[in-house]
Amino acid sequence: MNDLDTLLAQARDEFSAARQPAELENAKARYLGKAGRVTDLLKALSTLSLEEKKTRGAAINALKGAIEEALQARRSELAEVELQAQLQAEALDVTLPGRHRPVGGLHPVSRAMERIEAIFASMGFDVADGPEIETDWMSFTALNNPENHPARSMQDTFYVDMQDAGGRWLNLRPHTSPMQVRYARAHAERHAGADPMPEIRVIAPGRTYRVDSDATHSPMFHQCEGLWIGENISFKDLKVVFTDFLRRFFEDDGIQTRFRPSYFPFTEPSAEVDMMFSSGPSKGKWLEVAGSGQVHPNVVRNFGLDPERHIGFAFGMGPDRLAMLRYGVNDLRLFFEGDLRFLGQFR
Ligand code: DAH
Numbered sequence: 020m021n022d023l024d025t026l027l028a029q030a031r032d033e034f035s036a037a038r039q040p041a042e043l044e045n046a047k048a049r050y051l052g053k054a055g056r057v058t059d060l061l062k063a064l065s066t067l068s069l070e071e072k073k074t075r076g077a078a079i080n081a082l083k084g085a086i087e088e089a090l091q092a093r094r095s096e097l098a099e100v101e102l103q104a105q106l107q108a109e110a111l112d113v114t115l116p117g118r119h120r121p122v123g124g125l126h127p128v129s130r131a132m133e134r135i136e137a138i139f140a141s142m143g144f145d146v147a148d149g150p151e152i153e154t155d156w157m158s159f160t161a162l163n164n165p166e167n168h169p170a171r172s173m174q175d176t177f178y179v180d181m182q183d184a185g186g187r188w189l190n191l192r193p194h195t196s197p198m199q200v201r202y203a204r205a206h207a208e209r210h211a212g213a214d215p216m217p218e219i220r221v222i223a224p225g226r227t228y229r230v231d232s233d234a235t236h237s238p239m240f241h242q243c244e245g246l247w248i249g250e251n252i253s254f255k256d257l258k259v260v261f262t263d264f265l266r267r268f269f270e271d272d273g274i275q276t277r278f279r280p281s282y283f284p285f286t287e288p289s290a291e292v293d294m295m296f297s298s299g300p301s302k303g304k305w306l307e308v309a310g311s312g313q314v315h316p317n318v319v320r321n322f323g324l325d326p327e328r329h330i331g332f333a334f335g336m337g338p339d340r341l342a343m344l345r346y347g348v349n350d351l352r353l354f355f356e357g358d359l360r361f362l363g364q365f366r
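Residues in the sequence shown are numbered from 20 upward in steps of one, following the numbering used here.
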């Protein structure tokens, strides 16, 4: 191998060793640049005879051509490598989930509430809202549940160590029943002197609180109170209204109801409302869904009305429980944990 062949082999090795275009251009300069080795060879030609110049010159030119060819080949290789790397880096992964704006939905209990409100509104009921921090008087006394009466311990109430401006002790309302009193008193005042007084027909859904926590009880839960007071509203009307409500709420016209005698201080007679589906997993089982009764004369008096003239029924139900039955949920706590994997299923 002559010196030119050796030089060509060296150039090829250096070009192959170059990993970056810049490295390759540096290697090129070492051979073909102004002070490069091929340039040096050409300069050295001047010391040769004319004859030698011809053969040596032609050989050096051939070498130069071969080196340029090797350079070009390596340039293309490196460009290809770079292109592949870039394609890799910018690759579009079509298996990734698309970007989207997440769509929110109503909480299942809110949905149940909206259904309850819509059904009762269609029967001419007003929808009322009231305070969650209530007075002792509204929560109990006005509802015929006197101080120190054992019926007060039917609920484990959260008491608040504060009094309102009138010196009445406060609590987190353990039921929505005080809304009967608030609404009826405002109604009686608004229609004072009207004869006959327009009927009271109202539901009052909202948050309620008790010292209670397990799979079917939460310290914060929901209730919906109902009240219909007129001059001739009886237990018969309660049965019709509540049964119709349940059939519409659950979209099951075969639902049966049973009014089981019970005790509440604010009603006489009192009943628990049980219902039974005509189909589905709990078919044939009586399920307790509400408390109810004819409003007690003492409570009507606290409405500011004459119980000899104004009578009617009241009920209190749990929208959380209705939502559990409607959606087949067996643990109440799931509703209040805020886990979107659960809540997202109710859109
Ligand atoms: N307030 C009762 C409770 O929380 C439920 C209830 C029973 C409400 C009978 C009523 C009623 O209006 O008439 O257990």
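Here a beta-carbon is modelled for each residue, glycine too, at the ideal position from N, C-alpha and C. A quick note: this is a predicted structure, and the numbers were derived from the prediction, not measured.
Fully enclosed by the segment 139-165, which beta strand (DSSP E) runs are 3 residues long or longer? You should have 152-154.
Whole-angstrom distance between Glu-250 and Pro-197, CA atom to CA atom: As a working mapping, residue 197 is identified with position 178 in the sequence shown. As a working mapping, residue 250 is identified with position 231 in the sequence shown. Computed Cα separation, rounded: 22 Å.
Assuming contact is defined by CB atoms lying nearer than 8 Å, are Gly-310 and Glu-291 in contact in what I supplied? Start at 1 with the first residue of the sequence shown, and residue 310 comes out as number 291. Start at 1 with the first residue of the sequence shown, and residue 291 comes out as number 272. Yes, they are a contact pair.
Indicate, with yes or no, if the ligand DAH has a heavy atom lying under 7 Å from the CB of Ala-333. Start at 1 with the first residue of the sequence shown, and residue 333 comes out as number 314. Yes - the ligand DAH has a heavy atom lying nearer than 7 Å to the Cβ of Ala-333.
Using DSSP's beta-bridge definition, name the partner residues of His-236. The sequence position of residue 236 within the sequence shown is 217, counting from 1. Per DSSP, the beta-bridge partners of His-236 are Asp-233.
What residues in its chain sit with their C-beta under 7 Å from that of Asn-321, if we drop five residues either side in the sequence? The residue you call residue 321 lines up with position 302 of the sequence shown. So the list reads Ala-161, Val-200, once near-sequence residues are dropped.
Assign Pro-193 to one of three DSSP states: helix, strand, or coil. Against the sequence shown, residue 193 aligns to sequence position 174. Note: Pro-193 maps to coil in three-state DSSP.
Any C-beta of chain C under 8 Å from that of Phe-332: In summary, chain C is missing from the structure at hand, where a single protein chain is found.
Drop a sphere of 10 angstroms on the beta-carbon of Ala-220, count the other beta-carbons inside from all chains shown, and report buried for 16 or more, exposed for fewer. In the sequence shown, counting from the first residue as 1, residue 220 sits at position 201. Note on residue identity: the sequence assigns Arg, not Ala, to residue 220. A residue is called buried once 16 or more other Cβ atoms fall within 10 Å of its Cβ, and Arg-220 is buried on that count.
Residue span of the beta strand (DSSP E) that contains Asp-293, given as start and end: Looking up residue 293 in the sequence shown gives position 274. 286-295 is the extent of the beta strand (DSSP E) around Asp-293.
So, for Leu-26: in the same chain, excluding its five sequence neighbours on each side, which residues have a beta-carbon less than 7 Å away from its beta-carbon? Position 7 of the sequence shown holds residue 26. When the five nearest sequence neighbours on each side are left out, the beta carbons in the same chain lying within less than 7 Å of the beta carbon of Leu-26 are those of Arg-56, Leu-82, in order along the chain.
Compare the C-alpha of Thr-276 against each of Gln-182, Phe-285, Met-295 and name the closest. Counting from one through the sequence shown, the residue named residue 276 turns up at place 257. Relative to Thr-276, the option among Gln-182, Phe-285, Met-295 whose CA is nearest is Met-295.
Do Ala-30 and Ala-89 come within 8 Å of each other at the CB atom, strictly closer than that value? Start at 1 with the first residue of the sequence shown, and residue 89 comes out as number 70. Start at 1 with the first residue of the sequence shown, and residue 30 comes out as number 11. Taking 8 Å as the cut-off, the beta carbon of Ala-89 is found closer than this to the beta carbon of Ala-30.
Less than 8 Å between the C-beta atoms of Val-113 and Asp-339, yes or no? Start at 1 with the first residue of the sequence shown, and residue 113 comes out as number 94. Start at 1 with the first residue of the sequence shown, and residue 339 comes out as number 320. No, the pair does not count as a contact, with Cβ atoms beyond the cut-off.
Alpha-carbon spacing of Gly-117 relative to Leu-111, whole angstroms: Taking the sequence shown and counting its residues from 1, the one referred to as residue 117 is at position 98. Taking the sequence shown and counting its residues from 1, the one referred to as residue 111 is at position 92. If I take the Cα positions, the gap works out to 12 Å.
Any 3 or more C-beta pairs closer than 8 Å across the segment 136-151 and the segment 176-188: No, the segment 136-151 does not touch the segment 176-188.
DSSP-derived helix/strand/coil call for Leu-306: Against the sequence shown, residue 306 aligns to sequence position 287. Here Leu-306 carries a strand assignment [DSSP, helix/strand/coil].
Where does His-241 fall in DSSP's three states? Numbered from 1 along the sequence shown, position 222 holds the residue referred to as residue 241. Strand, per DSSP.
Which residues share a DSSP beta bridge with Pro-326? To locate residue 326, count along the sequence shown from 1; it is residue 307. In DSSP, Pro-326 forms no bridge with anything.
Could you give the DSSP three-state label for Gly-76: helix, strand or coil? One-based indexing of the sequence shown puts residue 76 at position 57. If DSSP states are grouped into helix, strand and coil, Gly-76 belongs with the helices.
Which term fits Gln-313, buried or exposed, when burial requires 16 or more other beta carbons within 10 angstroms of its beta carbon? Sequence index remark: in the sequence shown, residue 313 carries index 294 (1-based). Gln-313 comes out buried.
Is any heavy atom of the ligand DAH found at a distance shorter than 7 Å from the C-beta of Phe-3? Nothing can be reported for residue 3: it is not among the residues displayed for the chain, which extend from 20 to 366.
In the DSSP assignment, the alpha helix (DSSP H) including Ser-301 goes from what residue to what residue? Counted from its first residue, the sequence shown places residue 301 at position 282. Unbroken run through Ser-301: none, as it is neither H nor E.
Which class does Gln-275 belong to by DSSP, given the choice of helix, strand or coil? Taking the first residue of the sequence shown as 1, we reach residue 275 at position 256. Reduced to three states, the DSSP call for Gln-275 is strand.
Taking the CB atoms as reference points, tell me whether Ile-229 and His-241 lie closer together than 8 Å. Walking along the sequence shown from the start, residue 229 turns up at place 210. Walking along the sequence shown from the start, residue 241 turns up at place 222. Sequence inspection shows Arg at residue 229; the Ile mentioned does not correspond to that position. The answer is no: Cβ separation not under 8 Å.
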